[in-house]
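One structure is given here, and the rest of the page talks about it.
Protein chains: 2
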Amino acid sequence: MTVTIKDVAKLAECSIKTVSRVVNGEPHVSDLTREKVQAAIDTLGYTPNITARRLVQRKSFMIGILMHAAGYYQSEVLSRVMDMAYQLDYDILLQTYYPSHERSREKLRSLINEKRVDGLVTTPPCDVDPYLSDLLFNADTPYVQISPLNRDPAVPYVTGDDYQGAYLMTERLIMMGHWRIAFLSGPRNHRMSIDRLFGYKAALETYRIPVQDEFILDSLYNFDGGYNATRMAMALAEAPTAIFAGSDEAALGALFALREMGMAVPQQVSVCGFDNLPHSSRVWPGLSTVNHPIDQIVGKAVEMLLTMLAGNELPVRQVVYPCQLEMRGSVGAPPVA
Amino acid sequence: MTVTIKDVAKLAECSIKTVSRVVNGEPHVSDLTREKVQAAIDTLGYTPNITARRLVQRKSFMIGILMHAAGYYQSEVLSRVMDMAYQLDYDILLQTYYPSHERSREKLRSLINEKRVDGLVTTPPCDVDPYLSDLLFNADTPYVQISPLNRDPAVPYVTGDDYQGAYLMTERLIMMGHWRIAFLSGPRNHRMSIDRLFGYKAALETYRIPVQDEFILDSLYNFDGGYNATRMAMALAEAPTAIFAGSDEAALGALFALREMGMAVPQQVSVCGFDNLPHSSRVWPGLSTVNHPIDQIVGKAVEMLLTMLAGNELPVRQVVYPCQLEMRGSVGAPPVA
DNA sequence: ATTCATAAAGACAACGTTGTCTTATTTTTA
DNA sequence: TAAAAATAAGACAACGTTGTCTTTATGAAT
């Protein structure tokens, strides 16, 4: 049925090793033989069996991607990794990972032990499981984190500058005249959330605006959290004139809540988010947000993984890209009081 | 370094074949030996090398998924497939596929020829490339299409009933008093688009409402297409009171356009879509839509693939699930004239 | 007690590659 | 011109499993 290296060797009247040399572009083959072999390959439509190659080289030529659930951020990451793998000769193995769940850990263990992947990339929030980096470190499996929720100096990662991004956006709001600015925070046990929160606080402090605790609300960075936090914020005696959600998902919840309450955005309240999900530009009046440069981040992460896969040391093990503002219709001047 | 079947055999003082028997739960091993082998496996932490197994069994234990780009619909599909694979012992290989592109075809060819996947699932619009089903058919590789754009009776697929869904939604709009209903169509060369369009037309005819050609606009089923088509529709001398977009993406474009024009939804114009993307419930005032039961569809598709993978014939090769209406705030009665 | 069936376990060859070593052949160098 | 070096190509083992066949031990039936 399937055509193997032996068939090619027989047709080209040479040894299988010679065919192997031609296939892999190795030296020690004369031009004449090379042509004959190539002709045989073309005639038979031969493709090397990658499984056999994997076995003998003890490499899988696969990159594993761990993700928790296929949300918007994840699908962006995936899209980019797929594009990169499409160019390269690596395949992508996708696996669900629930941090700290025993079954997830077990599946990961087999993935690593059996060398089904040569290297691994994680998307948030998979990185929060400490078991992961331990396992990969011990197995000496290259591993890069994309936008980790927590930063571990021992693990290579690529992410955006959350602190700087949040600072920038807060500053912009202040410049536009806002000073009652609510911040919808994420889980306080994640470095990423903390950074965004601190960026917000730092900007307020720079401009001598007191940080008010009731303006800092927990949103879990999801739609419902953003919705609820917004309703609470707007119920305050002195309601904010701007709501800065630490994630776009939460910002969309905020937008929904405000519209439901009949508040005009941005005329009565300004709203902004963080992440720049593709959807943010498609919801009226366009969500102003901080762009987390996913393409850049993923590109770099894959590049780093490939470097490690090639057996080289990383010149830089942690990369943090600056964020830029992406201003759209949801932010305007505060209403005149 | 890595522990192989030989190490286990040595420790358990038996042949490698016996270990193999224990690992695979085969007969012809005494209880005593079985225990000894199991103990050795546990002590050494042995896991069988799947690559070797793949080579000898000529199976990859992998399911391939082809997708064009990681959009919302795709990420939903993926999420579900991942969940299923998480339970099973199949891995997921993800690959980008651009219909009719030579490089895509070449990559797919190698995927199949080298048996890197045992079976394949496609998400739209990958199925439109006829090369795909030819290749898979000739290679005798099991293949199931998820929501194909075109239906090929020779290929197993699972999808939603587009005609019935569109009929249902149109009927609902009519019941609410609408009769000037615009339809934002997708590419006319796809069965899926045609079905949705015909469902719309059929409902109008049932209720003796003349089908007006200027109410049928092309939207390509994406945001920009929906946006543009909506602006055109609203510029008509007799503007529609309801806009039925053949996809949620287009419906979001419609919503955006209407808000930009200062039209109130649903007070002045009703809007509805098709697909029930997760985002549709999160955009104000909640997009009414036709639910394409993705979970059901994907679940069935994977089940069918597994049946074929097990070497069994499919009892039913094509499955079409009915769609249900998911009514939210974007649809209301037409304004009184 | 002898044969026959059955169960348990091992030997060995696949699977389709690549790596190592060896052997011819050609080319260069002293 | 002989020796050394480089090139071309093949033989064969290895990678870690599973499938096939054979051998040995055990128990049942004649």
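Sequence lines, in order, name chains B and E. Every position in the first sequence, counted from 1, becomes a number in my numbering once 663 is added. Every position in the second sequence, counted from 1, becomes a number in my numbering once 663 is added. Yeah, the Cβ is synthetic: ideal placement off N, Cα and C, and Gly gets one too. Since the model is a prediction, treat every value here as computed from it, not as a measurement.
Inter-residue spacing [alpha-carbon to alpha-carbon] between A866(E) and A733(B): 36 Å
Give the residues of chain E in contact with E989(B), contact being defined as C-beta atoms less than 7 Å apart. Those within 7 Å of E989(B) in chain E number zero; the least Cβ separation is about 17 Å.
If you draw a straight line from the C-alpha of G708(E) to the C-alpha of V666(E), how long is it? 8 Å
Verify whether the separation of the beta carbon atoms of L915(E) and R945(B) is less than 8 Å. yes
Quick one: is A900(E) buried, meaning 16 or more other Cβ sit within 10 Å of its Cβ, or exposed? exposed
So with CB distances below 7 Å, who are the chain E contacts of L756(B)? D754, I755, L756
Neighbour-count burial assignment, R851(E), 16 or more Cβ in a 10 Å radius: exposed
Any idea if V744(E) is buried or exposed, counting beta-carbon neighbours within 10 angstroms, 16 or more meaning buried? buried
Local Cβ density within 10 Å of E676(B), reported as buried at 16 or more and exposed below that: exposed
On the DSSP bridge assignment, give the partners of F800(E) in chain order. In DSSP, F800(E) forms no bridge with anything.
Chain E partners of N776(B), CB-CB under 7 Å? T710
Which chain B residues sit within Cβ distance under 9 Å of W842(E)? Simply none; closest approach about 27 Å.
Just the C-alpha distance for V784(B) and M967(B), rounded to the nearest angstrom, thanks. 10 Å
Drop a sphere of 10 angstroms on the beta-carbon of G828(B), count the other beta-carbons inside from all chains shown, and report buried for 16 or more, exposed for fewer. buried
Determine, using beta carbons only, whether D797(E) comes closer than 8 Å to chain B. no
Less than 8 Å between the CB atoms is what I'm expecting for L756(B) and L921(E), so what's the real figure, rounded? With 8 Å as the limit, L756(B) and L921(E) do not qualify as a contact, their Cβ atoms being about 44 Å apart.
Grab the span of the alpha helix (DSSP H) containing Q701(E) for me, first residue to last. 694-707
A672(E) bridges to which residues according to DSSP? Paired residue(s): none; A672(E) is not in a bridge.
Run through chain E and tell me which residues come within less than 7 Å of A732(B), C-beta to C-beta. S742
Please list the partners that E923(E) has in chain B, where partner means a Cβ-to-Cβ separation under 9 Å. W947, P948
Is the beta carbon of V979(B) less than 8 Å from the beta carbon of T822(B)? no
Starting from A715(B), find everything on chain E with Cβ-Cβ shorter than 8 Å and list it in chain order. L718
DSSP on I726(B), reduced to helix/strand/coil? strand
What residues in the segment 900-930 of chain B bring their beta carbon closer than 8 Å to a beta carbon of chain E? L915, G916, L918, F919, R922, E923
Compute the beta-carbon to beta-carbon distance between G862(B) and Y820(B), rounded to the nearest angstrom, for a pair I have assumed lies under 8 Å. Contact doesn't hold; Cβ gap of about 18 Å is too wide.
When you compare the CB of R894(E) with every CB in chain B, is at least one pair closer than 8 Å? no
Keeping to the same chain, check which residues put their C-beta closer than 6 Å to that of D825(B); ignore five residues upstream and five downstream. M855, D858, R859
Would V692(E) and V685(E) be called neighbours here (beta carbons separated by less than 8 Å)? yes
Among G889(B), L729(B), P941(B), K963(B), which one has its Cα closest to the Cα of V934(B)? G889(B)
Per the DSSP calculation, F907(E) is bridged to which residue(s)? F846(E), C935(E)
Does the separation of the CB atoms of L988(E) and V953(E) fall below 8 Å? yes
Return helix, strand or coil for Y735(B), following the three-state DSSP convention. helix
When burial is assigned at 16 or more other CB atoms within 10 Å of the CB, is N891(B) buried or exposed? buried
So is Y806(B) in contact with chain E if we call contact Cβ pairs under 8 Å? no
Do V994(B) and M839(B) have their beta-carbon atoms positioned less than 8 Å apart in this structure? yes
Which term fits P788(B), buried or exposed, when burial requires 16 or more other beta carbons within 10 angstroms of its beta carbon? buried
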